[in-house]
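Going line by line, the protein sequences match chains A and B. Residues 151 to 759 (this note's numbering) make up the first sequence, in order. Residues 151 to 759 (this note's numbering) make up the second sequence, in order. Working notes, beginning with the structure itself.
2 protein chains.
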Amino acid sequence: MVSKIKRWIIGKPLKTHEIQDQKLNKLKALALLSSDALSSVAYGPEQIVTVLAVVGMAALWYSLPIAVGVLVLLLALILSYRQIIYAYPQGGGAYVVAKENLGMNFGLIAGGSLLIDYVLTVAVSVSAGTDAMTSAFPALHPHSVLIAVVIVIIITILNLRGLSESATILAYPVYLFVLALVVLTIAGFYKVLTGHAPASSHAPVGSPVAGIGLFLILKAFSSGCSALTGVEAISNAIPSFKAPSEKNAALTLSMMGVILGALFSGIVFLTYWYGIGPSVHQTVLSQLSTEVFGRNGVYYFIQATTALILVLAANTGFSAFPLLAVNLAQDKFMPRPFKSRGDRLGYSNGIMTLGVASILLIIIFEGNVSNLIPLYAVGVFLPFSLSQTGMILKWIRTKPKGWGMKLAANLIGALICYLILIIFFITKFTHVWMALIFIPLVVFVFHKIHQHYLDVGDQLRIDISEKLKDVKLSENVIIVPVSGITTVVKQSLLYAKSITDHVIAVYIGFSPEAIEKMEKQWEEWDTGVRLVTIHSLYRSILTPLSRFIDAVKYKTDEAGARITVVMPQFYTKKWWHALLHNQSGTLIRAYLVRTKDIAITTIPYHFKK
Amino acid sequence: MVSKIKRWIIGKPLKTHEIQDQKLNKLKALALLSSDALSSVAYGPEQIVTVLAVVGMAALWYSLPIAVGVLVLLLALILSYRQIIYAYPQGGGAYVVAKENLGMNFGLIAGGSLLIDYVLTVAVSVSAGTDAMTSAFPALHPHSVLIAVVIVIIITILNLRGLSESATILAYPVYLFVLALVVLTIAGFYKVLTGHAPASSHAPVGSPVAGIGLFLILKAFSSGCSALTGVEAISNAIPSFKAPSEKNAALTLSMMGVILGALFSGIVFLTYWYGIGPSVHQTVLSQLSTEVFGRNGVYYFIQATTALILVLAANTGFSAFPLLAVNLAQDKFMPRPFKSRGDRLGYSNGIMTLGVASILLIIIFEGNVSNLIPLYAVGVFLPFSLSQTGMILKWIRTKPKGWGMKLAANLIGALICYLILIIFFITKFTHVWMALIFIPLVVFVFHKIHQHYLDVGDQLRIDISEKLKDVKLSENVIIVPVSGITTVVKQSLLYAKSITDHVIAVYIGFSPEAIEKMEKQWEEWDTGVRLVTIHSLYRSILTPLSRFIDAVKYKTDEAGARITVVMPQFYTKKWWHALLHNQSGTLIRAYLVRTKDIAITTIPYHFKK
């Protein structure tokens with residue numbers, strides 16, 4: 151039954167060697183892994199404009215130099231991550247780079263930040279998409295948490311069904327969004343070039359602005375850089391690509407960089423040219439579309455694909471989180487189950503952990519996750535900074551051909567990333583202080599897990615050169631608790647006798663009469679097994695049995711023998727019959743196996759009626 | 151920890167022979183077992199007056215002949231239950247009488263009705279007491295369900311601490327209530343006799359009343375008879391009395407009859423004499439106290455003890471239900487655990503079942519249980535009727551000395567009880583139809599349970615004359631699933647080898663490489679045990695292991711051997727470490743023991759760090 155439902159939801163299990171069919175080609179990978187980065191085009195330019203408009207509409211021309219800065223950082227990141235892909239083709243991105251070049255703790259900081267970050271990505275993007283939906287259909291507003299949760303569940307299930315299948319379904323909206331923005335940009339430039347959009351609607355570049363300062367410009371720049379979140383995802387997910395995976399991943403990353411850079415600069419320029427400022431009623435993108443097309447079909451197409459891409463940005467988290475978790479689990483910093491592939495060959499434990507964690511976040515914050523956005527940006531720029539730093543050290547250490555240029559790219563990238571981190575901590579400390587608690591906490595947990603696995607390894611390791619067949623075998627003593635003279639007791643005694651001659655039956659009675667009766671019947675039955683009877687004054691079975699076992703164990707340990715307790719377990723034909731039987735056997739077994747160093751043999755007795 | 155909390159709540163366990171200290175003397179028993187019946191004095195007269203007042207205040211004199219009818223029934227019931235106590239001193243009351251004289255199904259109807267009824271008693275009386283409390287302190291009103299639940303929990307705990315202790319605590323309020331009503335009655339009569347209460351305030355006996363009819367009188371009579379609920383409790387609880395238990399129980403029953411009869415007739419007469427009618431603002435008892443004493447300390451004392459006795463009426467259920475359940479469990483109609491005594495020698499399973507069931511009822515009905523009162527009355531009068539009928543048949547069959555008088559008493563009692571049942575079904579069918587569903591349902595469940603225990607008995611019974619030592623023992627084959635070469639696997643293999651030479655190790659690998667590596671290491675280790683390797687295409691362990699066991703079982707069954715599967719079970723030092731290990735071993739064990747006819751031996755491995 152449960153198995154049928156599972157089959158229906160996630161599909162039939164796949165054989166291990168079918169993994170090749172689950173690998174992604176470049177077009178599908180681009181859709182799955184860049185949805186997060188591309189969706190930032192929908193809000194990145196708006197964030198720049200919002201900060202600048204504080205000092206007046208005349209300041210908006212500053213968005214052009216700021217956009218150039220963002221493009222420089224984008225270029226540095228793309229170049230750097232291309233190098234990371236070739237240098238660390240097993241995936242793991244910033245975690246592996248920081249670990250190899252800066253030491254394990256920096257690796258764990260990068261990995262921990264990214265794990266937290268992917269949870270935030272899912273929660274933030276699904277909530278943003280839900281907001282867009284409920285803005286269009288206000289009747290849905292009271293159910294927004296439920297809608298967000300259902301969306302996360304759907305994305306989780308799609309991912310459990312396998313990468314290939316989810317990529318096939320999710321690629322369409324991503325490319326439709328790209329198409330929509332390409333159409334918008336081309337049409338916008340056409341109007342600019344043909345003179346339909348007058349230059350009078352914006353202040354010329356270089357106009358003096360009262361009240362503007364370095365701090366504000368840096369703040370606008372750091373806000374604009376939030377458009378770069380998600381750039382790292384491909385470097386974590388290299389193993390999901392079809393062979394040659396590094397080459398395909400690097401190419402996909404470059405494609406993403408070109409699309410992202412082109413759309414971002416196009417939108418920023420048009421926003422400036424058309425003189426669009428922030429508005430509480432409409433997004434910047436919506437205002438721009440209205441200016442270019444008016445409120446026609448094209449406008450609504452742009453709005454719909456934008457809402458959709460916000461939701462699908464979550465999917466980048468689902469593609470990258472499980473693979474990062476595999477890397478951490480392989481190094482024994484995360485629980486081992488994250489390494490095992492599910493029925494459909496995805497890392498289902500990672501997928502489900504991400505789904506559950508982001509649902510909890512959505513429920514706890516009741517869908518109002520916008521306060522988490524700065525935290526989310528810190529979670530991305532910390533691993534950006536660490537991976538750039540790691541690459542710098544790598545070039546200095548190894549000095550490969552042409553390392554000067556490579557070093558320059560990483561140096562510029564690192565400087566910008568650290569600058570942005572500092573700006574975040576200065577301008578939005580009230581939102582990002584949590585990172586100073588959560589990230590060390592996660593690293594601490596990683597270390598505790600690691601220590602446990604090392605301890606377990608020590609305890610399980612054996613010296614294979616000691617041949618097993620030469621080890622001396624110990625004698626067996628079997629204790630059979632008996633409750634009366636029944637078929638079940640007979641079955642247990644026969645089993646015990648078939649193993650050893652040292653069998654002791656033990657009967658725990660609540661009254662002298664019950665004990666006397668048992669002893670008489672036992673003699674009559676002529677079992678050939680010694681019966682020990684114990685009078686339990688307090689009507690407990692567990693305590694006297696446990697003491698008796700301890701007493702026998704004391705003697706057997708001396709003799710080098712080992713104790714087995716044989717216990718029957720009833721299985722009734724109908725589930726409710728189980729309620730009619732004392733489950734004390736199960737409790738006693740659980741207690742003994744947990745506290746004593748003895749073997750426990752269960753002999754099931756399946757009732758036939 | 152859990153054990154310490156338990157000790158603190160219910161006290162230290164008692165030895166079985168300390169049961170004598172837990173037996174009740176007459177005064178304590180009277181308090182515990184008659185609180186239900188005595189509390190009815192607080193509302194029985196009111197119910198009569200409420201029905202009569204429908205046709206006018208002049209009709210209230212009818213309450214006097216009706217009270218005489220109630221007294222006749224009370225006398226018949228007391229006489230009858232005294233005879234039942236002597237005839238069936240093991241307790242069980244109506245259940246045993248009906249079972250012995252009318253057949254098992256009538257016994258089950260009586261027993262089932264009473265069980266349901268005790269649950270209703272607890273729910274109804276605690277809710278009524280809570281209502282009295284929240285009327286006095288309206289601020290508590292929004293929490294009335296919570297208060298009622300807490301009261302049930304307190305009474306349950308008191309009963310779990312043992313009969314003797316709860317009787318000591320609960321006896322005071324019962325005797326204070328009796329004292330309060332005795333004072334009220336004497337003072338009331340004193341005022342009547344000294345002429346302080348004029349005869350003009352009531353219509354004289356025999357006054358003609360327009361609109362009164364037989365139906366209304368019968369309805370008032372049946373409502374008044376609700377004052378008799380709880381009379382049967384003593385007959386169910388005879389084993390709780392100090393020896394000689396029958397004699398003490400019979401004497402206690404007579405004492406209760408005298409007190410109940412005297413208080414009931416006194417209150418009815420005074421209510422009539424003072425011309426008190428029903429009021430929505432005050433109970434009849436409150437009006438009567440006001441007339442007799444005014445609103446002074448005595449008045450508030452009467453009100454407080456009345457509220458308290460309503461709550462304590464619940465305790466009668468706690469004294470009678472567990473003993474009735476023991477009787478039914480002894481006859482295999484209820485689950486066996488109802489027969490075992492808890493740490494404090496009470497039948498704790500019965501006590502807790504009653505507590506939980508009545509809490510559920512209070513929560514489901516949100517404390518508004520007044521609609522359940524008629525159902526509750528049916529639940530009492532059905533066993534009353536059946537036990538009277540049973541006694542009639544007993545006298546006719548056995549014809550002991552003076553059986554004519556005894557027969558007459560039971561005949562009158564039976565006729566009145568049947569009459570009341572008919573009146574209930576005619577006048578309050580909308581409330582009592584549920585009895586026609588629940589009682590047959592309970593009887594059906596009793597039979598299903600009984601059948602299961604008979605089936606189990608058949609399956610467990612063995613022929614003791616077949617000497618066990620002569621039974622031929624079968625060979626053992628041991629299967630050891632191995633996951634690698636570790637101390638745990640070594641421990642399992644050594645255990646298996648110490649038992650038999652027929653040991654098969656089985657390794658389930660997910661890739662040809664893993665299998666090849668395992669085979670090589672195995673050979674190197676030189677175990678002397680054959681290793682079977684299985685390649686699991688779908689990365690499942692359970693399915694291939696289960697198939698392998700089936701295949702081995704097919705061969706061993708032919709050879710008359712039996713299979714044991716040896717599995718290790720890890721116990722980590724800290725609870726959270728358990729999260730870091732696959733619990734697949736536990737799942738596999740649970741599956742195998744449930745579905746296969748093999749022995750499963752668990753070898754615990756306790757991590758030391």
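Don't be surprised by glycine CBs; every beta carbon is placed ideally from N, CA and C. Bear in mind the structure is a predicted one, so any value in this text is a computation, not a measurement.
Alpha-carbon to alpha-carbon, V201/A and L366/A: Here residue 366/A is taken as the residue at index 216 of the first sequence, counted from 1. Here residue 201/A is taken as the residue at index 51 of the first sequence, counted from 1. When rounded, the distance between both Cα atoms is 7 Å.
Y755/B classed as buried or exposed, judged by whether at least 16 other C-beta atoms fall within 10 angstroms: The sequence position of residue 755/B within the second sequence is 605, counting from 1. So Y755/B ends up on the buried side.
Can you tell me where the alpha helix (DSSP H) with H293/A in it begins and where it stops? For the purposes of this step, residue 293/A is identified with residue 143 of the first sequence, where counting begins at 1. Note, H293/A: premise wrong, no alpha helix (DSSP H); not H, not E.
A226/B: which of A347/B, L557/B, S696/B sits nearest, CA to CA? Taking the first residue of the second sequence as position 1, residue 226/B is located at position 76. Comparing Cα-Cα distances from A226/B to each of A347/B, L557/B, S696/B, the minimum goes to L557/B.
Secondary structure, beta strand (DSSP E): runs of 3+ residues fully inside the segment 684 to 729 of chain A: 712 to 721
Identity of the residue in A383/A, M283/A, L458/A, R311/A nearest Y322/A by Cα: The residue you call residue 322/A lines up with position 172 of the first sequence. Among A383/A, M283/A, L458/A, R311/A, the Cα nearest to that of Y322/A belongs to L458/A.
Thinking C-beta only, is L329/A closer than 7 Å to A387/A? Here the question's residue 387/A lines up with position 237 in the first sequence. Here the question's residue 329/A lines up with position 179 in the first sequence. No, Cβ-Cβ distance for A387/A and L329/A is not below 7 Å.
Using Cβ-Cβ distances below 8 Å, what residues of the segment 262 to 285 of chain A are close to chain B? none
Taking A260/B and S537/B to be in contact with their CB atoms under 8 Å, please state how far apart those CB atoms are, rounded to whole angstroms. The residue given as residue 260/B occupies position 110 in the second sequence. The residue given as residue 537/B occupies position 387 in the second sequence. Indeed they touch by this definition, with Cβ atoms about 7 Å apart.
Close beta carbons around W423/B, own chain, < 7 Å, minus the five adjacent residues each side: Position 273 of the second sequence, counting from 1, holds the residue named residue 423/B. Excluding positions up to five away in sequence, the list reads V342, A347, H352.
Just reading off the beta strand (DSSP E) that A749/A is part of, what are its end residues? Position 599 of the first sequence, counting from 1, holds the residue named residue 749/A. First-last of the beta strand (DSSP E) with A749/A: 749 to 756.
Runs of beta strand (DSSP E) lying entirely within the segment 391 to 471 of chain A, each at least 3 residues, in chain order: none
From which residue to which residue does the alpha helix (DSSP H) around Y657/A run? To locate residue 657/A, count along the first sequence from 1; it is residue 507. Element bounds for Y657/A: not the alpha helix (DSSP H) but the beta strand (DSSP E), 653 to 659.
Considering only the beta carbon of each residue, do S153/B and G517/B sit closer than 7 Å? One-based indexing of the second sequence puts residue 153/B at position 3. One-based indexing of the second sequence puts residue 517/B at position 367. No. Outside cutoff.
Tell me which residues of the segment 644 to 673 of chain A have at least one Cβ-Cβ distance to chain B shorter than 9 Å, keeping chain order. L644, Y645, K647, S648, I649, T650, F660, S661, Q671
Counted within 10 angstroms of its Cβ, other Cβ atoms place A675/A as buried (16 or more) or exposed: On the first sequence, residue 675/A is found 525 positions in, with the first residue counted as 1. Going by the sequence as given, residue 675/A is Trp instead of Ala. Its Cβ being crowded by 16 or more others within 10 Å, W675/A is buried.
Identify, in the order they occur along the chain, each residue of the same chain with its Cβ nearer than 8 Å to the Cβ of W545/B, setting aside the five sequence neighbours on each side. Walking along the second sequence from the start, residue 545/B turns up at place 395. Only W553, K556, L557, N560 meet the Cβ criterion.
Roughly how many whole angstroms lie between the Cα atoms of I566/A and H291/A? Residue numbering aside, residue 566/A sits at position 416 when the first sequence is read from its first letter. Residue numbering aside, residue 291/A sits at position 141 when the first sequence is read from its first letter. Approximately 40 Å between the Cα atoms of the pair.
What does the Cβ neighbour count give for A286/A, buried or exposed, with the cut at 16 atoms within 10 Å? By one-based count along the first sequence, residue 286/A stands at place 136. Counting Cβ neighbours within 10 Å, A286/A comes out exposed, since fewer than 16 surround it.
Could you tell me if R157/A is buried or exposed, where buried requires 16 or more neighbouring beta carbons within 10 angstroms of its beta carbon? One-based indexing of the first sequence puts residue 157/A at position 7. It counts as exposed.
So for N386/B, helix, strand or coil by DSSP? Your numbering for residue 386/B matches position 236 in the second sequence. Three-state DSSP puts N386/B in a helix.
Sorry if obvious, but does the Cβ on L296/B come closer than 6 Å to a heavy atom of the ligand FAD? You won't find the ligand FAD in this model; it holds no ligand whatsoever.
Every unbroken alpha helix (DSSP H) within the segment 573 to 630 of chain A, with a cutoff of 4 residues, ordered by chain: 579 to 610
Can you pull the chain A residues whose beta carbon is under 8 Å from the beta carbon of Q829/B, in chain order? Since the displayed chain B opens at 151 and closes at 759, residue 829/B lies outside it and no answer follows.
Ordered along the chain, which non-local residues of its own chain (more than five positions away) have a Cβ less than 7 Å from that of C375/A? Position 225 of the first sequence, counting from 1, holds the residue named residue 375/A. Taken in chain order, the residues that qualify are V220, L223, I570.
Thinking C-alpha only, which one of Y236/A, R697/A, N465/A is nearest T306/A? The residue you call residue 306/A lines up with position 156 of the first sequence. Of the listed residues, the one whose Cα sits closest to T306/A is N465/A.
Euclidean distance between Cα positions of G338/B and P662/A: Within the second sequence, numbered from 1, the residue matching residue 338/B stands at position 188. Within the first sequence, numbered from 1, the residue matching residue 662/A stands at position 512. Near 59 Å, if we compare the C-alpha coordinates of P662/A and G338/B.
Count the other C-beta atoms from every protein chain shown that fall within 10 angstroms of the C-beta of G356/B, then say buried if there are 16 or more, exposed otherwise. Here residue 356/B is taken as the residue at index 206 of the second sequence, counted from 1. G356/B comes out exposed.
Report the residue from F371/A, Q453/A, A237/A whose alpha carbon sits nearest the alpha carbon of Q197/A. Position 47 of the first sequence, counting from 1, holds the residue named residue 197/A. Q197/A has its Cα closest to that of F371/A, out of F371/A, Q453/A, A237/A.
Tell me which residues share the same chain as H685/A and place their Cβ nearer than 7 Å to its Cβ, disregarding the 5 neighbours each side in the sequence. As a working mapping, residue 685/A is identified with position 535 in the first sequence. For H685/A, where only same-chain residues beyond five positions count, the Cβ hits under 7 Å are G659, P662, I665.
Rounded to a whole number of angstroms, what is the C-alpha to C-alpha distance between L313/B and K173/B? The residue labelled residue 313/B in the question sits at position 163 within the second sequence. The residue labelled residue 173/B in the question sits at position 23 within the second sequence. One C-alpha to the other measures close to 7 Å.
Please tell me whether I614/A has its Cβ less than 7 Å away from any Cβ of chain B. In the first sequence, the residue the question calls residue 614/A occupies position 464. Yes, I614/A counts as interfacial toward chain B.
For a cutoff of 7 Å on Cβ pairs, would you count W675/A as touching chain B? If you number the first sequence from 1, residue 675/A lands on position 525. By this cut-off, W675/A is an interface position.
For V682/A, which three-state DSSP category applies? Residue 682/A sits at position 532 when you count from the first residue of the first sequence. The answer is strand: DSSP assigns V682/A an E or B state.
Residues of the segment 163 to 186 of chain A with Cβ closer than 7 Å to any Cβ of chain B, in chain order: P163, K165, T166
Is V476/A helix, strand or coil by DSSP? For this step, residue 476/A is matched to residue 326 along the first sequence. Helix.
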